[in-house]
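**Q**
There are 2 protein chains.
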Amino acid sequence: MGLRIGIDLGGTNVRVALVNEKGSIVEFLQASTESEKGYQQVIEKMSLMIEKVSEGAEIDGIGIGAPGPLDIKKGVILSPPNLPGWDNIPLVEILSGKFGTPVFLNNDANVAALAEANVGSGVGYESVFYITVSTGIGGGFVINNKLFNGAHGYAGEVANMIIDPNGYQHSVLNKGSFEGLASGTSIGRRAEQDFGITGGAKQVFTLAAEGNEQARKIIDETVTYLAMGIANIAHTVNPELFVMGGGVMESIEFILLPLQEKVKKFLFPELASSIKIVPASLTGKAGVIGAAMLV
Amino acid sequence: MGLRIGIDLGGTNVRVALVNEKGSIVEFLQASTESEKGYQQVIEKMSLMIEKVSEGAEIDGIGIGAPGPLDIKKGVILSPPNLPGWDNIPLVEILSGKFGTPVFLNNDANVAALAEANVGSGVGYESVFYITVSTGIGGGFVINNKLFNGAHGYAGEVANMIIDPNGYQHSVLNKGSFEGLASGTSIGRRAEQDFGITGGAKQVFTLAAEGNEQARKIIDETVTYLAMGIANIAHTVNPELFVMGGGVMESIEFILLPLQEKVKKFLFPELASSIKIVPASLTGKAGVIGAAMLV
């Protein structure tokens with residue numbers, strides 16, 4: 001009773017889990033996505049994994065977290081940069097036909113937000129805004145334990161928020177967008193451009209730990225942009241809690257702690273004294289758990 | 001049955017209405033605020049107006065919309081620039097003591113948002129983001145006909161959202177804040193600074209109507225900033241409808257119509273094709289109606 005399948009469909013890995021009604025993982029499987037072999041092959045692999053984790057168990061439904069853009073209402077994967085070859089694939093229809101059970105689709109950041117809010121760092125909070133900062137930036141907004149999708153599924157798409165109209169022109173996002181200025185990719189780009197530091201964000205953090213001033217300057221700028229983005233969200237919906245996930249946020253010393261301080265500079269005094277920004281806690285498993293919660 | 005008092009406490013006027021459960025005004029009174037005579041005098045005047053509009057009727061409670069900053073939960077008016085001399089005034093406690101009925105306080109933009117969403121331009125929409133652009137900028141977010149205040153009452157405080165970190169330094173808001181760049185005051189300031197046009201926003205609109213290129217340039221910049229602010233809100237919560245109020249928005253030809261077009265430039269394609277931005281419809285009465293809806 002109350003068992004669901006949660007699927008985390010990523011560009012690199014596909015993860016499938018059997019999750020109980022409390023959001024705990026009962027069975028878990030992971031495989032390489034290999035989307036270059038065609039989407040049919042990926043769906044075939046996912047289907048086998050579903051059968052394997054659910055083995056004989058009665059399930060209430062299947063939830064899938066996938067990279068955007070998606071059509072959430074129709075359950076269609078449109079044409080995600082991270083899933084080459086997927087082009088208007090009606091994944092919900094395909095899987096519900098195959099398994100005769102309700103199937104739900106939402107984007108990866110929304111699904112992680114749902115998991116963090118319900119069984120991760122956000123437990124007990126009324127409103128949680130989740131932001132993941134890695135290669136790109138994603139977000140999701142959870143109110144009273146439920147995902148707030150917005151009218152057309154674009155709530156939480158803060159990657160495209162404008163932070164500096166004179167800033168970097170991202171290839172598919174706004175000039176000076178949050179993702180263009182504050183993502184891991186942006187850290188690597190600015191480090192190379194300003195100081196000839198190659199090796200991406202990882203190298204920047206390594207150098208910063210060694211005391212390199214140029215690397216620290218890049219990180220400091222990043223923290224400022226992150227603080228502005230969070231302040232903008234706080235002045236729009238004032239969530240009780242911000243939960244920060246993704247590789248960049250794993251740097252507690254260089255990113256999270258300075259961010260918690262710097263954001264106060266951009267907030268009304270009462271907001272500054274009440275804002276809460278904490279790290280995500282379900283790293284790696286948030287996807288399947290949150291996906292199962294879509295059911 | 002179902003009658004409430006709605007109070008719109010502004011810097012210039014105080015309006016008091018008896019409002020029925022459908023949000024229709026039954027009785028209405030207006031007077032000058034004259035806050036320079038002291039807050040006690042204003043509260044005395046409000047009390048007399050309450051007695052007059054409710055005359056013998058049984059009321060369910062009193063709602064008040066007032067300029068911020070406020071402490072909504074405690075019902076205290078902190079120290080609004082628009083109400084000089086009001087400093088930590090526990091208005092809710094004072095009026096509930098006087099009238100023996102529940103009293104609710106919220107900020108003027110939130111209250112107007114509630115009215116527009118429920119009986120104004122937002123009727124029938126699930127999520128409505130209201131923005132008022134006049135001397136300053138205010139906002140309010142209504143989900144399923146209820147005000148979304150956020151954890152500490154700062155939802156909708158988009159005036160302080162950062163639009164351009166290198167932009168104008170407002171006296172009490174962020175550098176490059178939405179209000180600092182897109183309000184009526186900002187129109188007047190930029191017109192004087194860039195082109196020596198005095199006479200404020202009103203004169204800028206008059207000149208623009210006469211074909212003045214400088215005035216049109218200022219207005220065009222304003223529309224760009226408004227479009228960026230709306231795009232940022234859309235990418236954060238994707239409301240089904242934006243309702244625009246305030247004096248600046250009354251210029252349909254020079255502000256609203258170009259804004260509806262320009263905002264699309266800053267949105268994901270599907271958002272661009274689905275965004276709805278409409279003018280407010282309860283001008284002047286939104287305050288008392290929305291205040292009554294707090295009850």
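Sequence lines, in order, name chains A and B.
Using the UniProt record's numbering, read the first sequence as starting at 1 and increasing by one per residue.
Using the UniProt record's numbering, read the second sequence as starting at 1 and increasing by one per residue.
Even for Gly, the Cβ is constructed at its ideal location relative to N, Cα and C.
1) Three-state secondary structure (DSSP) at A:GLU27?
2) Between the beta-carbon of A:GLY287 and the beta-carbon of A:ASP8, is there less than 7 angstroms?
3) Just list the alpha helix (DSSP H) runs in the stretch 207-286 of chain B, keeping only unbroken ones of 4 residues or longer that don't cross its boundaries, in chain order.
4) Just verifying my parser: in three-state terms, what is the DSSP assignment at A:GLY180?
5) Do B:SER121 and B:GLY247 have their C-beta atoms within less than 7 angstroms of each other?
6) What did DSSP end up calling A:TYR154 once you bin it into helix, strand or coil?
7) Beta carbon of B:ALA159, beta carbon of A:VAL237: below 7 angstroms?
8) Helix or strand or just coil, what does DSSP make of B:LYS37?
9) Start and end of the alpha helix (DSSP H) containing A:ASN118?
10) So which residues of chain B does A:THR283 contact, with C-beta pairs closer than 7 angstroms?
11) On the DSSP letters alone, give me the boundaries of the alpha helix (DSSP H) that A:VAL16 sits inside.
12) Based on DSSP bridge pairs, tell me the residues matched to B:TYR130.
13) On the three-state DSSP scale, how would you describe B:LEU147?
14) Taking contact to mean at least 3 C-beta pairs separated by less than 8 angstroms, is the stretch 221-235 of chain B in contact with the stretch 179-190 of chain B?
15) Would B:GLY100 be called buried (16 or more neighbouring beta carbons within 10 Å of its own) or exposed?
16) Under 9 angstroms, CB to CB, which of the residues in the stretch 146-166 of chain A have a partner in chain B?
17) Counting only the same chain and skipping the five closest in sequence on each side, list residues whose C-beta sits under 8 angstroms from that of A:LEU173.
18) Quick one: what does DSSP say A:VAL92 is sitting in, helix, strand or coil?
19) With a cut-off of 7 angstroms, does the C-beta of A:PHE266 fall near any C-beta of chain B?
20) Starting from B:GLY122, follow the beta strand (DSSP E) in both directions and report where the run begins and ends.
21) Quick check: B:LEU267 and B:ALA227, are their CB atoms within less than 7 angstroms of each other?
22) Decide if the stretch 23-36 of chain B is in contact with the stretch 48-62 of chain A; the criterion is three or more beta carbon pairs, one per stretch, under 8 angstroms apart.
23) Does the beta-carbon of B:PRO80 have 16 or more other beta-carbons within 10 angstroms, so that it is buried, or is it exposed?
24) Rounded to a whole number of angstroms, what is the C-alpha to C-alpha distance between A:SER35 and B:LEU294?
25) Would B:MET244 pass as an interface residue toward chain A - the criterion being a Cβ-Cβ separation below 7 angstroms?
26) Are there three or more Cβ pairs, one per stretch, closer than 8 angstroms when the stretch 201-215 of chain B is compared with the stretch 240-257 of chain B?
27) Can you say whether A:LYS285 is buried or exposed, counting buried as having 16 or more other CB atoms within 10 angstroms of its CB?
28) Kindly indicate which residue of B:GLY23, B:ASN106, B:GLN214 and B:ALA66 has the alpha-carbon position closest to the one of B:ILE187.
29) In the DSSP assignment, find the beta strand (DSSP E) that holds A:ALA66 and state where it starts and stops.
30) Going by CA-CA distance only, name the one from B:LEU83, B:SER273, B:HIS170 and B:ILE64 that's closest to B:ALA231.
31) Answer with buried or exposed for A:SER24, where buried requires no fewer than 16 other C-beta atoms within 10 angstroms of its C-beta.
32) By how many angstroms is the C-alpha of A:LYS175 removed from the C-alpha of A:ARG190?
33) What does DSSP give as the partner residue(s) for A:VAL7 in the beta ladder?
34) In angstroms with no decimal places, state the Cα-to-Cα distance between A:ALA117 and A:GLY6.
35) In the structure shown, what three-state DSSP assignment does B:VAL76 receive?
36) Output, in chain order, the set of chain B residues within a Cβ distance shorter than 8 angstroms of A:SER183.
**A** Quick answer:
1) For this step, residue 27 of chain A is matched to residue 27 along the first sequence. Looking at A:GLU27 - three-state DSSP - the assignment turns out to be strand.
2) If you number the first sequence from 1, residue 287 of chain A lands on position 287. If you number the first sequence from 1, residue 8 of chain A lands on position 8. At a Cβ-Cβ threshold of 7 angstroms, A:GLY287 and A:ASP8 count as neighbours.
3) As far as the stretch 207-286 of chain B is concerned, its whole alpha helix (DSSP H) runs of at least 4 residues are 213-237, 257-262 and 269-274.
4) Here the question's residue 180 of chain A lines up with position 180 in the first sequence. In this structure, DSSP gives A:GLY180 a helical state, which the three-state scheme calls helix.
5) Here residue 121 of chain B corresponds to residue number 121 of the second sequence, with the count starting at 1. Here residue 247 of chain B corresponds to residue number 247 of the second sequence, with the count starting at 1. Going by C-beta atoms, B:SER121 is not nearer than 7 angstroms to B:GLY247.
6) One-based indexing of the first sequence puts residue 154 of chain A at position 154. DSSP places A:TYR154 in coil when its eight states are reduced to three.
7) The residue given as residue 159 of chain B occupies position 159 in the second sequence. The residue given as residue 237 of chain A occupies position 237 in the first sequence. In this structure, B:ALA159 keeps its C-beta atom at 7 angstroms or more from the C-beta atom of A:VAL237.
8) The count along the second sequence starts at 1 and reaches residue 37 of chain B at position 37. In the structure shown, B:LYS37 sits in a helix (DSSP, three-state: H, G or I).
9) By 1-based counting over the first sequence, the position of residue 118 of chain A is 118. Counted as a single uninterrupted DSSP element, the alpha helix (DSSP H) harbouring A:ASN118 occupies residues 108-119.
10) Locating residue 283 of chain A in the first sequence gives position 283, counting from the first residue. Within chain B, no residue comes near A:THR283; the closest Cβ sits about 24 angstroms away, beyond 7 angstroms.
11) As a working note, residue 16 of chain A is residue 16 in the first sequence. From DSSP, A:VAL16 is part of no alpha helix (DSSP H) but of the beta strand (DSSP E) over 13-19.
12) To locate residue 130 of chain B, count along the second sequence from 1; it is residue 130. Bridge pairing for B:TYR130: B:GLY140 and B:VAL243 [DSSP].
13) The residue given as residue 147 of chain B occupies position 147 in the second sequence. Here DSSP, grouped into helix, strand and coil, assigns B:LEU147 to strand.
14) Under the 8 angstroms Cβ criterion, the stretch 221-235 of chain B counts as touching the stretch 179-190 of chain B, having at least three qualifying pairs.
15) The count along the second sequence starts at 1 and reaches residue 100 of chain B at position 100. That one is exposed.
16) Listed in sequence order: PHE148, ASN149, GLY150, ALA151, HIS152, GLY153, TYR154, ALA155, GLY156, GLU157, VAL158, ALA159, ASN160, MET161, ILE162, ILE163, ASP164, PRO165 and ASN166.
17) To locate residue 173 of chain A, count along the first sequence from 1; it is residue 173. Counting only Cβ-Cβ distances below 8 angstroms, and skipping sequence neighbours, we find ALA159, ASN160, GLU179 and GLY180.
18) Looking up residue 92 of chain A in the first sequence gives position 92. DSSP places A:VAL92 within a helical segment (H, G or I) once states are collapsed to three.
19) In the first sequence, residue 266 of chain A corresponds to position 266, counting from 1. It does: the Cβ of A:PHE266 has a partner Cβ on chain B nearer than 7 angstroms.
20) Position 122 of the second sequence, counted from the first residue, corresponds to residue 122 of chain B. Unbroken run through B:GLY122: none, as it is neither H nor E.
21) Position 267 of the second sequence, counting from 1, holds the residue named residue 267 of chain B. Position 227 of the second sequence, counting from 1, holds the residue named residue 227 of chain B. B:LEU267 places its beta carbon 7 angstroms or farther from that of B:ALA227.
22) Judged by Cβ distances under 8 angstroms, the stretch 23-36 of chain B makes no contact with the stretch 48-62 of chain A, as fewer than three pairs qualify.
23) Counting from one through the second sequence, the residue named residue 80 of chain B turns up at place 80. The residue in question, B:PRO80, is buried, as its Cβ has 16 or more Cβ neighbours within 10 Å.
24) For the purposes of this step, residue 35 of chain A is taken as the residue at position 35 of the first sequence. For the purposes of this step, residue 294 of chain B is taken as the residue at position 294 of the second sequence. The straight-line gap from Cα to Cα measures roughly 53 angstroms.
25) As a first step, residue 244 of chain B must be located in the second sequence, where it is residue number 244. Not flagged as an interface residue toward chain A: B:MET244, since no C-beta distance is shorter than 7 angstroms.
26) Below 8 angstroms, enough C-beta pairs join the stretch 201-215 of chain B and the stretch 240-257 of chain B to call them touching: three or more.
27) For the purposes of this step, residue 285 of chain A is taken as the residue at position 285 of the first sequence. When all chains shown are included, A:LYS285 counts as buried.
28) In the second sequence, residue 187 of chain B corresponds to position 187, counting from 1. Per the Cα distances, B:GLN214.
29) Looking up residue 66 of chain A in the first sequence gives position 66. Where A:ALA66 is concerned, the enclosing beta strand (DSSP E) starts and stops at 62-66.
30) For the purposes of this step, residue 231 of chain B is taken as the residue at position 231 of the second sequence. Just measuring C-alpha positions, the residue of B:LEU83, B:SER273, B:HIS170 and B:ILE64 sitting nearest B:ALA231 is B:SER273.
31) Position 24 of the first sequence, counted from the first residue, corresponds to residue 24 of chain A. That one is exposed.
32) The residue given as residue 190 of chain A occupies position 190 in the first sequence. The residue given as residue 175 of chain A occupies position 175 in the first sequence. Between A:ARG190 and A:LYS175, the C-alpha separation is close to 15 angstroms.
33) Looking up residue 7 of chain A in the first sequence gives position 7. Strictly speaking, residue 7 of chain A in this sequence is Ile, with Val absent from that position. For A:ILE7, which the question treats as bridged, DSSP gives the partners A:VAL16 and A:ILE64.
34) Walking along the first sequence from the start, residue 117 of chain A turns up at place 117. Walking along the first sequence from the start, residue 6 of chain A turns up at place 6. Here the alpha carbons of A:GLY6 and A:ALA117 stand approximately 16 angstroms from one another.
35) For the purposes of this step, residue 76 of chain B is taken as residue 76 along the second sequence, with counting starting at 1. Strand.
36) As a position in the first sequence, residue 183 of chain A is number 183, starting the count at 1. In chain order: nothing, as chain B lies at least about 15 angstroms away.
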